[in-house]
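Okay, so here's the structure we're looking at.
This is the structure:
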């Protein structure tokens, strides 16, 4: 283990030096990748150094304890116990930090939200989810951008695409993909009965051009006039863009930007990310299963999470976690749920490493 930790420290030092070299500074791709690795390694290096210091403190306190007596001896004994407790704590943290890093950490996240089962109530719930994630992003200090939004007649959304930018955006949002179920009295319900509806959330990382090469001959690009909720035209020019990737059948439509060029660029960003996700799913059976679980059928019986308004309850069914703070969660206080999911993931990863 000591040899491995020393090797990691050497790599970190070399990386630190390279960040100041003209070769790296002059290459944006290399600089971005080196900066990402440096930021990723920094908590691990701090833990290694803190652990070394804590072990040194424990040894020093034990030596002084053996050389003294009376109250002074007891004082050093207490210091040794505290230092050893700190060592144990840091050793547990080190196990977590030594887990293989997720290759998606640090990347921007693209989220697609759709109303599913439940008609207009599902669309209204999809809007609530979108606003929940926007509030969560604000609390985490991320930048969030609505790339595309297809509004419904009563103020909900048929579909929306958002992009989140932040160092930990992926590690926090990765768990959100899947069918979300809501149980509440809809605004459209005259009898006051509780209805069950659902919306789906899909999560993927933003793909860069170097990640996915797209042959222009594989694209069918259609332009048309942008329209608002209800289908009315909101633009007198053909600014909306629909791109079809013929080999896969994937379709991306974009109309929220003012110009055709801007909408095309946005559509290509989303298409590239979808293609990258598709490729990853095909390469890894586990990832493919995860993707299918994310999308689901959107049926009322399918869910990763339930939002029950009457009970002020949010339940994540994957880990059996329940929190009676639904309104706080909808206001962006999602950390308790995400922390529980993160802890479960770490526990499974550590178990697999043993």
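Residue numbers (UniProt numbering): 1 to 354. Yeah, the Cβ is synthetic: ideal placement off N, Cα and C, and Gly gets one too.
Under DSSP, residue 211 shares a beta bridge with no residue. The beta-carbon distance between residue 332 and residue 136, rounded to whole angstroms, is 4 Å. This is short enough to meet the 8 Å contact definition. Counting C-beta pairs with one atom in each stretch, the region 115–122 and the region 73–88 have fewer than three that are closer than 8 Å, which means they do not touch. Residue 270 is a Cβ neighbour of residue 252, given a cutoff of 8 Å. Apart from sequence neighbours up to five positions away, the residues of its chain that approach residue 127 with a beta-carbon distance below 6 Å are 156 and 157, ordered along the chain. In the structure shown, the three-state DSSP call for residue 304 is coil. In the DSSP assignment, the residues bridged to residue 150 are 159. Pairing residue 279 with residue 203, the inter-Cα distance amounts to about 15 Å. Under the three-state reduction of DSSP, residue 19 is assigned to coil, being neither helix nor strand. Residue 37 and residue 14 have their C-alpha atoms some 12 Å from each other. In this structure, DSSP gives residue 143 an extended state, which the three-state scheme calls strand. In this structure the region 307–324 touches the region 179–191; the number of beta carbon pairs closer than 8 Å is three or more. Ranked by Cα distance from residue 206, the first of 154, 266 and 225 is 266.
Looking at the DSSP output, residue 224 bridges to 240.
Counting only residues of its own chain and dropping the five nearest sequence neighbours on each side, residue 336 has a CB closer than 7 Å to the CB of 323. Judged by DSSP secondary structure, residue 43 falls within the alpha helix (DSSP H) whose first and last residues are 28–67. Going by DSSP, residue 202 is part of no alpha helix (DSSP H) but of the beta strand (DSSP E) stretching over 195–205. Taken through DSSP and simplified to helix, strand or coil, residue 8 comes out as helix. Fewer than three beta-carbon pairs drawn from the region 210–220 and the region 134–148 are found closer than 8 Å, and the two stretches are therefore not classed as touching. In the three-state reduction of the DSSP assignment, residue 318 falls in the coil class, being assigned neither a helical nor a strand state.
DSSP places residue 338 inside the alpha helix (DSSP H), whose first and last residues are 335–353. Between the C-alpha atoms of residue 304 and residue 113 there is a straight-line separation of about 14 Å. In this chain, the alpha helix (DSSP H) harbouring residue 92 covers 70–97. In the three-state reduction of the DSSP assignment, residue 183 falls in the strand class, which pools E and B. Note on geometry: alpha-carbon atoms of residue 218 and residue 268 lie some 13 Å from one another. Closest in alpha carbon position to residue 55, among 87, 78, 325 and 188, is 87. One alpha carbon belongs to residue 44, the other to residue 11, and they sit about 12 Å apart.
Bridge partners of residue 114 according to DSSP: 159 and 200. Burial of residue 245 is indicated by the presence of at least 16 other C-beta atoms within 10 angstroms of its C-beta.
For residue 329, no beta strand (DSSP E) encloses it; the enclosing alpha helix (DSSP H) starts and ends at 326–330.
Under the Cβ criterion (8 Å, minimum of three pairs), the region 97–114 counts as touching the region 189–202. Within the same chain, 157, 160 and 256 come within 7 Å of residue 149 by CB-CB distance, once the 5 residues on both sides are set aside. Between residue 349 and residue 99, the C-beta spacing is below 8 Å.
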